[in-house]
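This report refers to the structure that appears directly beneath it.
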Amino acid sequence: MERAGGDLKFVYICTSVFFILTLFNILHHEMWRDELEAWMIAAEASSLHGLIENMRYQGHPMLWHLILYPITRLTRNPVAMQMVHLLIATLSSFVFLRFAPFNKLSRTLFVFGYFPFFEYATISRNYAAGILFLFIFCVCFGKDLKSRNYLTLSVILFLMCQCNALSTVLAIALALTIFLEPLLLKDYRVYRTGRLYVSILIFTSGLLLSVIQLIPPADARFYNPVIVTPVFLQKTAGLISSLWNVFVPVPRFQLNFWHTNFLSYLPLQQEMIYVLKLSLSLGLLLFSLFIVLRKKIPAFYYALSVIGVTAFGYIFYEGYTRHKAHYYFAFVTALWLNSYYPSQTIPLNAFFSFFEKNKTRFITAVFSLSMAGALTANTIDFMYPFSESKEAANYIKQNYQQNMPVAGHWFYAASAVSAYLDRAFYYPVIDKTGTFTVWKSIKDETVDVLKYVDRYRNSIKTDVLFIVNENPLPDDVVQQNGLIPLRHFTKSIVKSENFFLYMIKYE
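In this text, residue positions in the sequence shown follow my numbering: the first is 2, and each later residue adds one.
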């Protein structure tokens with residue numbers, strides 16, 4: 002590795018290219034419900050107290066929504082959110098290009114990789130902010146315990162805890178690393194100073210604030226008090242097997258590419274592909290761990306991060322590739338911290354030195370495959386709509402009155418169309434009107450949806466547009482209920498955001 006920052010021209014050019022290409026990608030990306038939900042939560046809040054109320058069932062800390070809140074006072078156009086997210090992703094790219102201890106090729110491959118260039122750039126979510134603070138932490142960490150500013154580091158970790166749950170997991174791993182570093186290095190002087198303990202207080206307050214926001218009410222749809230299940234080994238193996246998708250995020254070249262992997266092209270049964278992925282994932286995990294194992298602090302942090310992300314997935318929410326990407330960022334930042342320390346002689350030193358000597362080849366291979374994944378994802382996202390919500394909203398705008406009532410089923414999918422129309426829908430399953438999804442548990446999900454829509458239509462005494470997602474209504478149901486099919490929107494990358502629009506006439 003080399004110390005970054007010597008060639009500012011390279012940094013500025015690469016950052017500019019990242020900004021321009023990401024702007025292009027964003028302008029050709031149709032947002033899906035999870036992106037738009039954060040915008041609607043902020044836009045529908047009449048005050049900061051209202052924002053807190055809107056967030057109760059989200060299971061996310063509020064920092065991203067707090068950033069969006071003042072912007073929603075200036076405009077109702079969610080493209081503004083994409084522009085803010087573009088700035089955050091670009092700043093992360095700049096920090097990495099300017100300060101990360103990798104050669105120019107590796108830094109370039111990384112920032113144009115799948116997660117920094119697609120998942121956490123083109124798609125606007127709260128993950129990008131957590132990665133930005135993670136990189137800033139690595140810059141400020143340094144290797145000199147005497148000159149280290151623990152207060153600054155604790156503030157950064159405080160902010161990491163306010164981004165998302167898995168960013169909080171990495172913040173905990175970093176905090177424990179800071180606290181135990183003097184013990185591991187047998188340099189106890191910092192324990193005799195007050196700055197470390199003030200920093201611990203700052204971080205702990207940030208962690209508690211995050212936990213308070215993350216724990217949903219008991220009547221939340223995703224409330225899960227279960228900690229241990231009888232399928233421990235099976236579930237843990239499933240989480241570890243996902244490391245392949247994280248380190249080699251090259252999807253299938255197809256419409257519904259999201260969360261797929263090119264390994265599924267192999268002419269093997271699903272069970273064999275799973276065994277292959279698990280074996281490859283274990284190999285990647287061990288190789289990446291062995292690279293940093295001759296340095297106590299980075300190895301401790303990386304092992305702690307892997308355990309933390311896996312434990313979170315096992316206990317609370319297994320998630321998708323975008324969540325498990327924190328394995329990847331834990332590895333990258335472990336390599337970053339690795340550059341601050343000299344190698345140490347450990348048992349089987351010659352064996353582990355082999356991995357350290359080949360880390361550049363390993364990094365180049367992993368970053369190159371990640372870049373291939375980003376190229377594939379952004380290309381397909383350009384060719385097809387990521388969500389059909391924008392197209393469905395435009396069709397309604399162009400063909401019907403602005404105040405035309407709309408009913409949506411399922412509510413969480415139809416909410417994306419609601420966001421692009423910037424008005425509330427009626428949701429029959431919960432028998433309420435609204436914009437963003439309130440994730441309360443539903444006592445009866447088998448309600449007669451059309452019966453509720455009919456009742457809503459009769460109460461407002463006018464025609465109602467009815468939009469359903471993923472699959473069209475059966476022909477016999479359409480005929481029996483007198484629905485008029487209007488338009489189908491079926492080219493969405495996110496399959497659950499294909500939409501089918503009907504008219505229900507008021508007689």
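Here a beta-carbon is modelled for each residue, glycine too, at the ideal position from N, C-alpha and C.
Residues of its chain near residue i, where Cβ-Cβ distance is below 8 Å and the 5 sequence neighbours each way are ignored
i	result
GLY6	Reliability fails at GLY6, whose pLDDT of 49 lies under 50, so the model's placement of it is uncertain and no value is given.
ARG108	ALA5, CYS15, PHE97, LEU98, ALA101
TYR503	LEU466, PHE467, ILE468, VAL469, LEU474, VAL479, LEU484, ILE485, PRO486, LEU487
LEU215	GLY60, HIS61, PRO62, ALA166, THR169
LEU64	ASN127, ALA130, LEU160, GLN163, CYS164
Proximal residues to residue i (C-beta, below 7 Å), its chain only, five neighbours per side dropped
i	result
TYR507	ARG458, LYS462, THR463, ASP464
TYR121	ALA90, TYR128, ALA129, ILE132
HIS50	none
PHE204	SER155, LEU158, PHE159, ALA176
VAL439	TYR58
Cut-off 6 Å between Cβ atoms - residues of its own chain near residue i, not counting five sequence neighbours on either side
i	result
PHE501	VAL469, PRO473, HIS489
ASN26	THR123, ASN379
TRP245	LYS278, LEU281, SER282
PHE332	SER289
ALA44	THR73
ALA393	VAL418, PHE490, PHE500
Residues sharing a beta bridge with residue i, DSSP
i	result
LEU466	VAL407, MET504
PHE426	GLY435
ALA221	LYS441
Residue range of the unbroken beta strand (DSSP E) whose run includes residue i
i	result
ILE485	485-490
From the options, residue whose alpha carbon lies closest to that of residue i
i	options	result
SER243	ARG323, VAL191, TYR302	ARG323
PHE387	THR16, TYR321, THR334, GLU36	GLU36
SER148	LEU197, ASN104, VAL112	LEU197
ARG222	ASP382, VAL170, TYR318	TYR318
ILE157	ALA176, ALA166, LEU146, LEU167	ALA176
ALA174	PHE291, ILE42, PHE330	PHE330
GLN255	VAL495, ILE14, ILE505	VAL495
PHE356	LEU466, LEU215, THR237, GLY284	GLY284
GLU60	GLN399, LEU92, VAL212	Correcting the residue type first, residue 60 is Gly in the shown sequence and not Glu. Among GLN399, LEU92, VAL212, the Cα nearest to that of GLY60 is on VAL212.
LEU184	VAL407, ILE298, LEU67, SER369	ILE298
LEU208	VAL170, VAL407, THR377	VAL170
PHE1	PHE19, MET273, PHE412, ALA46	No statement about residue 1 is possible, as the shown extent of the chain runs from 2 to 508 and does not include it.
TYR453	VAL307, THR194, ILE505	ILE505
LEU210	ILE53, SER493, LEU422, LYS441	ILE53
LYS513	SER17, LEU22, PRO117, GLU31	What the structure shows of the chain is the stretch from 2 to 508, and residue 513 is not part of that stretch, so it cannot be assessed.
PRO218	LYS325, TYR58, LEU152, VAL251	TYR58
TRP40	LEU28, ARG424, TYR302, ALA304	ARG424
Per-residue burial, residue i [other beta carbons within 10 Å of its own, 16 or more giving buried]
i	result
ASN499	buried
ASP477	exposed
ILE89	buried
VAL96	buried
THR346	exposed
GLY483	exposed
ILE137	buried
LYS10	exposed
VAL232	exposed
VAL199	exposed
ALA366	exposed
TYR321	exposed
GLU272	exposed
ILE443	exposed
GLN163	buried
LYS296	buried
SER371	buried
SER94	buried
Boundaries (first-last residue) of the alpha helix (DSSP H) holding residue i
i	result
PHE97	80-100
LYS433	Element bounds for LYS433: not the alpha helix (DSSP H) but the beta strand (DSSP E), 433-435.
PHE352	350-358
ILE274	271-293
ILE216	Where ILE216 is concerned, there is no enclosing alpha helix (DSSP H), given that its DSSP letter is neither H nor E.
THR178	166-186
THR109	105-112
GLU389	No alpha helix (DSSP H) holds GLU389; DSSP gives it neither H nor E.
ASP477	476-481
MET41	34-44
SER155	151-162
HIS327	322-339
SER242	233-242
ASP455	450-461
VAL249	Here VAL249 belongs to no alpha helix (DSSP H), and DSSP marks it neither H nor E.
LEU256	Taken as a continuous stretch (DSSP letters only), LEU256 belongs to no alpha helix (DSSP H), as it is neither H nor E.
LEU264	It is not in any alpha helix (DSSP H) - LEU264 carries neither H nor E in the DSSP assignment.
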